[in-house]
Amino acid sequence: MIAFLLLLVSNYLISSGVASLSPSHLAGYTRQANLEVTSGLPIVGNGLECRDQLLSAGTPTNLMRLRGGKVGGVKAKDLWEKNGDELLQMEEELRTELMSLRVAQQVGGQPGKVNRIKMIRKAIARVLTVQTAKRRGEAYSEVKKKKYKPLDARDNRHWTKAMRLRLNKYERSKKSPKMIRCLRAQVWGAGVRPMRRVVGFNAPIPPVEIGTIPNNDLSLEKYPRYRLGAHGRATSTGHVPEHAKAAMEKKKAAWEVEQKRVKALKDRLKNK
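Next up, the structure:
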């Protein structure tokens, strides 16, 4: 910015024919030159209208960048409206311009042209990104209704492996012939093998309940899923496992023995 203002001041002095000036006069001429350049122009942001006003008014690129504007950039949101042929033509034009800028860089051309290399490379990247996205969208639309799709076109491509391999409700409820025979003979409890029990030969065989766990067989589970915790805490279904009931009775019996001992000790001390 300072170099640009000094250049304006020097041009102004040469045109006005002023040979020598004091520092105070030089500062005054600097302010005057700055006002002449920026007079009549709004303080702009990133709007396209303000950018067009600055370009039409001949505002230098450096000053425009300081005010927050962009020069000749390609925005991806404007590329989605173009078709494939237009994007290809735009890519060819940008690559041709980039090639000419590379030649100017090797020859040692103007700094302004060399500084445009980064902007052109960014523009080419945006064009290629939009091209790839549009092609992938067209490919997905073609295979969307097919039964067997590519891996990257499936709806579950973002799922984890555990989510993709989990069983559905029908597969979880399927039982083998051996499991069904053991359920009918009441050898297993609800389809698991925690323990065995003897069934009378004359006892009636209840119907098989596949996919559900009867309430009278909940105590036969090795790892009860319906129990909130150990030591026989009541569950939401009101069921208490058999081993929990035994632990509760054992704890209650020990507590009763301790209470009897304490009571006998108090009576002995009281009689003394």
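With mature numbering (1 follows the signal peptide of the UniProt record, and there is no 0) applied, the sequence shown covers -19 to -1, 1 to 253.
We put the CB at the ideal spot given by N, CA and C, even for glycine.
Quick one: measure Cβ to Cβ for L79 and I101, integer angstroms, because I've assumed they're closer than 8 Å.
5 Å
Answer yes or no: do R107 and A143 have a C-beta to C-beta separation smaller than 7 Å?
Taking a C-beta distance under 7 Å as the contact criterion, R107 and A143 do not qualify as a contact pair.
Any idea what DSSP makes of W236, helix, strand or coil?
helix
Please classify L82 as buried or exposed, where buried requires at least 16 neighbouring CB atoms within 10 angstroms.
By the 16-neighbour rule on beta-carbons within 10 angstroms, L82 is buried.
Does P158 come out as helix, strand or coil in the three-state DSSP assignment?
helix
Can you confirm whether the segment 89 to 101 touches the segment 109 to 127 when touching is taken to mean that 3 or more C-beta pairs between the two stretches lie within less than 8 Å?
With the cut-off at 8 Å, the segment 109 to 127 and the segment 89 to 101 do not touch.
Mapping the DSSP letters down to three states, classify Y129 as helix, strand or coil.
coil
C-alpha gap between K130 and N137, whole angstroms:
11 Å
Once DSSP output is grouped into helix, strand and coil, what is the label at K142?
helix
Buried or exposed by the 16-neighbour rule on C-beta atoms within 10 Å, applied to P4:
Reliability fails at P4, whose pLDDT of 46 lies under 50, so the model's placement of it is uncertain and the value that follows must be treated cautiously. It is exposed - the Cβ of P4 has fewer than 16 other Cβ atoms within 10 Å.
Hey, how far is the Cα of A228 from the Cα of E239?
17 Å
Determine the burial state of K244: buried for a count of at least 16 other Cβ atoms within 10 Å of its Cβ, exposed for fewer.
With fewer than 16 Cβ atoms within 10 Å of its Cβ, K244 is classed as exposed.
Of all the options E230, K103, D66, which has the alpha carbon lying nearest to the alpha carbon of K115?
D66
Could you give the DSSP three-state label for Q70: helix, strand or coil?
When DSSP states are grouped into helix, strand and coil, Q70 belongs to the helix group.
Close Cβ partners of K99 (< 8 Å) along its chain, the five nearest in sequence each way excluded:
none
How would you call V88, buried or exposed, if buried means at least 16 neighbouring beta carbons within 10 angstroms?
exposed
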